[in-house]
Every structure is written in structure tokens, then in C-alpha cells.
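Those protein sequence lines, which keep their order, are chains Z and H.
As numbered in full-length UniProt numbering, residues 1 to 491 make up the first sequence, in order.
As numbered in full-length UniProt numbering, residues 1 to 97 make up the second sequence, in order.
Only one structure is covered here, and it is reproduced in the block below.
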Amino acid sequence: MRETLRVHMGWLHSWVGFLAGLLLACIFASGTLAVFDTEITQWMQPEVPLTQGTSLTPAALQAAAQAVQAEEEKGLSAFLTLPSQRDPVLRVLHYDGYEFVGTALDSTTGAVFPARETAGGQFFYNFHFSLRGGNQPGVQIVTFLGLCLLVAIGSGLVIHIKALWPDLILFRPFGARPRAWVDAHLIMGVLFLPFIAFMGYTGTAIHARALLPAESFFPSHTATPHKKEKTAPKGRVLQAGPLPPPLAPLIAQARDVLRSPDGNLILFTPDEVRIFKSDAFGPFLTRDHVAFSRKDGHSLRSVTQSPPAVATMQLVRGLHYARYAPLPLRWLYFLSGLAATTLAASGLVVFLMKRRRSSGEQFFFRIAEALTMTTVVGFPTAILGIFWVNRCLPAVFSGRAMMEINLFFLVWGLCAAHALLVSLTRHAASGWRQQLGVLAGAGCGLPLLDLVSRSHAWAQGASVFMTADALAFLTGLIALCALLKLREPAA
Amino acid sequence: MTFLLVLALWSAAFWCHECLQPRTRSSFPRQAGAVSVNQIVRALAPCLALTLCLFQDPALGIFYWLGLGSAAGLSTSVLMAVLKQKRGLARMSKTPL
Chain Z
1 MRETLRVHMG WLHSWVGFLA GLLLACIFAS GTLAVFDTEI TQWMQPEVPL TQGTSLTPAA
61 LQAAAQAVQA EEEKGLSAFL TLPSQRDPVL RVLHYDGYEF VGTALDSTTG AVFPARETAG
121 GQFFYNFHFS LRGGNQPGVQ IVTFLGLCLL VAIGSGLVIH IKALWPDLIL FRPFGARPRA
181 WVDAHLIMGV LFLPFIAFMG YTGTAIHARA LLPAESFFPS HTATPHKKEK TAPKGRVLQA
241 GPLPPPLAPL IAQARDVLRS PDGNLILFTP DEVRIFKSDA FGPFLTRDHV AFSRKDGHSL
301 RSVTQSPPAV ATMQLVRGLH YARYAPLPLR WLYFLSGLAA TTLAASGLVV FLMKRRRSSG
361 EQFFFRIAEA LTMTTVVGFP TAILGIFWVN RCLPAVFSGR AMMEINLFFL VWGLCAAHAL
421 LVSLTRHAAS GWRQQLGVLA GAGCGLPLLD LVSRSHAWAQ GASVFMTADA LAFLTGLIAL
481 CALLKLREPA A
Chain H
1 MTFLLVLALW SAAFWCHECL QPRTRSSFPR QAGAVSVNQI VRALAPCLAL TLCLFQDPAL
61 GIFYWLGLGS AAGLSTSVLM AVLKQKRGLA RMSKTPL
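Put into C-alpha cells, the structure is as follows:
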């Protein structure tokens, strides 16, 4: 009975894991990068100096308020993010349907930094939860994949439960190739199980309504149609409000109430100025705020309490988004994200290895191998591509952010086309090597490109640039090692 | 400094756990007394690590404990694999597929 259950669970784990894993690996990888979305944006906007403090002057706030009003006149719903320890820049942002983009201002003078247009780290954040496919079908697909992840984790646990304790840290990378891949899959799954299960659960719970909406999918015939109020689409405003009152005293008052010394978010409606508590202070992603009149600046209300159900969801969101996390904890999130990506990628490889002989490398196997190659090697290549494009395109270029994203998908698409071509012509092995070669070149060459482009002074925010370059170089080195390993005959 | 200590404690616990497994015991023979020491370290080191994490940061200590535990497990497993390779034991494993 028990063995039958294991066999059934093995089948479920293999197929759900493989089909969902093709996209889950990309979701994990982009989520891992999204942990450092702010830092990636800083790398991609080297013109913005990172040596400013978090102090603000009334002149800078006045310039920001004028910029907000100018955006509203264009029909955009702009908001402000105040300087914080993590991002010491005053930003005027708006939602473009996918990412929060906008200008960066000097927090002392209010002058606009001539920064290059980029989607930055926001692109990875958006890709992580919607595959850049919007609420429908993007978020729905990702949420469904989250459910698949939970099924794969459950079935994987049933399969491995007997060996879980004795093989807790068993890893044989020097053994036979299939053994090494299975061990890599197991060790990542077991050691990082709390993180992966937790992130899978919270990620699914956050967007559960995308799959299970509160209202019916189909309109009720008996319900009386009610008149809809005219509302602006997300990120847009129907009419611009007046110029807000001086913001400095409002911020001081709000910070006292919210106990949030920096990094606040300021939203504007035609009637109100709402100053929100920073997400960096505690794991609850609260929407605590103080609202002021936009006409004369008098305090309207403060929202600092949430009912228990709302607070629970705030905690779920807060722990998943990790905006509260100090730097060491963010690195642990990053490491765990890498482990989850490795888990998914190694699972895909194991699936193929297990079926290579038995399938006789028929058509569907070759398609599966092409898809795996596109995920395991093509996706990181496309990620590095976006970094390359950021440095290679001229800094002053209209539609630059969109160009970066289009080129990301172009590179990924080319990798997919190449993988399909080589797999269908039974040259998959050389296809793996070719794509790994490109990945190794892209990764190892990025620091050099960053150096040659002379886009920033190394004394300013050196840690951001050096860390990003070092990680890209490490990715290239890993790809190079894999390439050299593939040239050896299999053990 | 505390986090390095936590990492070391977790690594010690994982090392002792692996040393207690029959496959490793045959590869790395130990005296009878060492087994008890391994069992004690395996049980106490994670508890001590948790105490240190909570002492360092009561609100986020549990996350550090879990994260550092995973990282320590990974590094210990790689170290163990390298040591076994050096002793020529790596290719003794069966092919799983």
C-alpha cells in the first residue's frame, strides 16, 4: 500500500514538477533577483549618486510636488518615495501598467538627475508575480503554478520521507552524473524546504483571489445591475489636483504618528495627500498612513490599526516581499531563492535523464529537452542580456526601458528557437554547450563591459556595482564549469 | 560575529549528523565515545544557535536561524563530498536512474 502510494506520488511529482517547473524555475530566478530590485535599479541608473543622506529640504519637496502635479496633468497618477538608507534618493514614480518608473531627484536641491530610462529591478519583480502578463492571465498562471509547487512539495516529501533524515546532507557531486543531479535536487529541496514551502504558500495566498475571486466568474442573472462610478484605470488619474501644500511639515507630523523615520511613500488624490509608513520597519506590510487635505494641509485622519484578518495578510505579504529585511537577512532570502531555482532546474534535468533512454529520444522528449534548455540556460542568458543592453544602449534614448524589456524577450526567444532547432535535429548536446558558452561569455564579460562603459564613478556606491558585477561573473564561471564538464564523457 | 557562531554551530550539528550515519561511520571510523559526543552536539548545537539568534534579534531571530541552518547544511554537505572524494570514496554510490 505504502509503496503504491510512493509510486503514485512519484508519477505526480515527476509530471507536475516538470510541467510547472519549466516556468517555476524562471519565477524563482526572477524572485531571487527581485530581493535586490532597488539595488538592480541603482546599478541600471549609474547617473544617480548613492552618496546622499536621507535628509530632505523643503526646496526638494517643493520640486517633487511640482513634478507630481506635472505628471497628473499628463493623466498619470504619480507618487513620491522619500529617501531611505537603502535608496537615498527622492523619486517621483508612476505605474506604467507593469513597473513603477519615473525620475530621481536630488534630495537637497530638488534637481532632476539625468538618469537613463530603465525598467530596472522592477522588471524582475513584475515578472516574478505575473510573468509580465498582467492580472489576467499572468497573475492567474503564476498563482496556479504556486499551487502546483505545493503539490510537488507534498508529493516529493512522500517519496523521500524514508531517506529524509539519514540523507539530510548527503551530496555526491563526484559520483555518476545522474546520481549527482538527483542529490543536488534532494539537498536543495530538503535543506531549504522551510523557505520554499513558506514562499510557495505565501505567494499563492497573496494572489489566491486571482484563482478564487470573491465574486462569481459568471455574472448573476438575478442580480440587478448597479450603476458603476467612473474610475480611472490603475496608474492613471481623471483630473489633476491642485499644487499640494508644503510637504515638509506634513511629513514631520506623519512620521511622529507613524513612528517611521524615513523612506515613506506619499500618494496624492485630487483631495488628499496620504503619507504612508515605510515598509522597512517590521514584517507587517501595513498600509498605515496619515491623510491630509490637499488644499490646506490640515490633518484629515490617521489609519494605524488593522483588524486581525487584515493584519494576518499584512504579515503574509510582509514576509514574502521581504522589504522589512535588513541586509544580512536579504542575502539569506537571496541564497534561498537561488536554492529554489537550483531545485527546479535540477528537477528538470533529472526528469530528462530518467527518460532519455526509455523514450528513445522521440519527438516529445526532444521538445521537453528544448524547453528545459530554454529555461535552464536561456533564461539566465536573457537576464544577463538585459544588463548588457542597459550598458550598451545610449543613455539618452527615447523608449529605452521598453527596448530593454523587448530585447530581454528577444534573447530568450532566440535561445528557445536555437534550443528547438538543435533538439529537433538531434544535436541537443552541442546545443547545451553552445548556449552555455554564450551564458559564460555574457556573465564573465559583464564586469568588463561595466568597466569599459565608464558609466559611473567607482567611488560612489561601489558595493552595488561590484556585487552585481561579481555575481554576473560568478554566473559566467558556473556556466563555464558546466560547459567543461559537458565536454567530458559521462561517468 | 554572532551569525558566524550560529553558522559554525549548525555546521557542527550537520557534521555530527553525517558522522552518525552508517555509510559515513564505515568510511570515517570513530571510537565508541565519539558517537555519544556526536549525538549530543547534533541535539544541542541547533538549540544553542536558536538561542543566540533570538538573543541577537528577538523579532527576526527565527529567520536567521533557519536561513543560516540551510546555508550551513549546504556548505557542510559540499565539504563532506570533497573529503570523501579525497579519500576515493565518491564513486562507490549507485546510479539512481
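All C-beta atoms, glycine included, are put in the ideal place defined by N, C-alpha and C.
- The beta carbons of Z:Gly297 and Z:Pro270 sit no closer together than 8 Å.
- Within chain Z, the residues whose beta carbon sits less than 8 Å from that of H:Thr76 are Ile169, listed in sequence order.
- When only Cα atoms are considered, Z:Met403 and Z:Ile478 end up about 28 Å apart.
- Per DSSP, Z:Ser453 is one residue of the alpha helix (DSSP H) stretching across Ala428 to Ser453.
- Contact residues of the region 311-339 of chain Z toward chain H are Leu319, Tyr324, Ala325, Pro326, Pro328, Leu329, Trp331, Leu332, Tyr333, Leu335, Ser336 and Ala339 (C-beta to C-beta distance below 9 Å).
- Residue H:Trp15 holds the alpha-carbon nearest to the alpha-carbon of H:Val41 among H:Thr76, H:Trp15, H:Leu52 and H:Gly88.
- For Z:Pro261, no CB of chain H lies under 8 Å from its own CB, so it is not counted at the interface with that chain.
- With the criterion set as a beta carbon lying under 9 Å from some beta carbon of chain Z, the members of the region 27-58 of chain H are Asp57, in sequence order.
- Within the DSSP secondary-structure output, Z:Thr81 pairs in a beta bridge with Z:Arg91 and Z:Leu265.
- Distances from the alpha-carbon of Z:Pro49 to those of Z:Pro58, Z:Glu39 and Z:Thr57 put Z:Glu39 closest.
- H:Met80 belongs to the set of residues whose beta carbon lies under 8 Å from a beta carbon in chain Z.
- The C-beta of Z:Arg172 comes closer than 8 Å to at least one C-beta of chain H.
- The criterion of a C-beta distance shorter than 8 Å is not satisfied by Z:Val158 and Z:Arg400.
- In this chain, Z:Ser278 is not harboured by any alpha helix (DSSP H), its DSSP state being neither H nor E.
- Residue environment for Z:Ser299: exposed (fewer than 16 other C-beta atoms within 10 angstroms of its C-beta).
- Here Z:Cys415 is buried: its Cβ has 16 or more other Cβ atoms, across all protein chains shown, within 10 Å.
- Taking a beta-carbon distance threshold of 8 Å, Z:Phe195 counts as an interface residue toward chain H.
- Taking C-beta atoms under 8 Å as the contact rule, Z:His320 and Z:Thr202 qualify, at a distance of about 4 Å.
- For Z:Gly445, the closest of Z:Val422, Z:Leu105, Z:Leu393 and Z:Thr475 by C-alpha to C-alpha distance is Z:Thr475.
- Proximity of chain H to Z:Leu191 at the Cβ level (cut-off 7 Å) is accounted for by Ser70, Gly73 and Leu74, in chain order.
- When the five nearest sequence neighbours on each side are left out, the beta carbons in the same chain lying within less than 7 Å of the beta carbon of Z:Val112 are those of Thr103 and Leu105, in order along the chain.
- Under the three-state reduction of DSSP output, Z:Arg301 falls in the strand class.
- Contact between the region 8-27 of chain Z and the region 72-79 of chain Z is absent, with fewer than three C-beta pairs closer than 8 Å.
- Inter-residue distance for Z:Ser430 and Z:Val422 is about 8 Å (C-alpha atoms, whole angstroms).
- Put simply, the backbone Cα of Z:Arg426 is about 8 Å away from that of Z:Glu361.
- Proximity of chain H to Z:Pro46 at the Cβ level (cut-off 8 Å) is not reached, the minimal Cβ distance being about 31 Å.
- Judged by DSSP in its simplified three-state form, Z:Gly21 adopts helix.
- Taking 4 residues as the shortest admissible run, the region 300-362 of chain Z contains the following complete alpha helix (DSSP H) segments, listed from N- to C-terminal end: 308-321 and 327-359.
- DSSP places Z:Gly102 inside the beta strand (DSSP E), whose first and last residues are Phe100 to Leu105.
- In chain order, Gln21 make up the part of chain H whose C-beta sits under 7 Å from the C-beta of Z:Pro166.
- Assigned with DSSP and collapsed to three states, Z:Val389 falls in helix.
- With a minimum length of 4 residues, the unbroken runs of alpha helix (DSSP H) contained wholly in the region 134-205 of chain Z fall at 140-164 and 177-191.
- With a contact defined as Cβ atoms closer than 8 Å, Z:Asp262 and Z:Thr54 qualify at about 5 Å.
- Of the residues Z:Asp183, Z:Ala462 and Z:Ala459, the one whose Cα lies closest to the Cα of Z:Val349 is Z:Asp183.
- Taken through DSSP and simplified to helix, strand or coil, Z:Ser260 comes out as coil.
- Contact check for Z:Leu407 against Z:Val389 passes: the beta carbons are separated by less than 8 Å.
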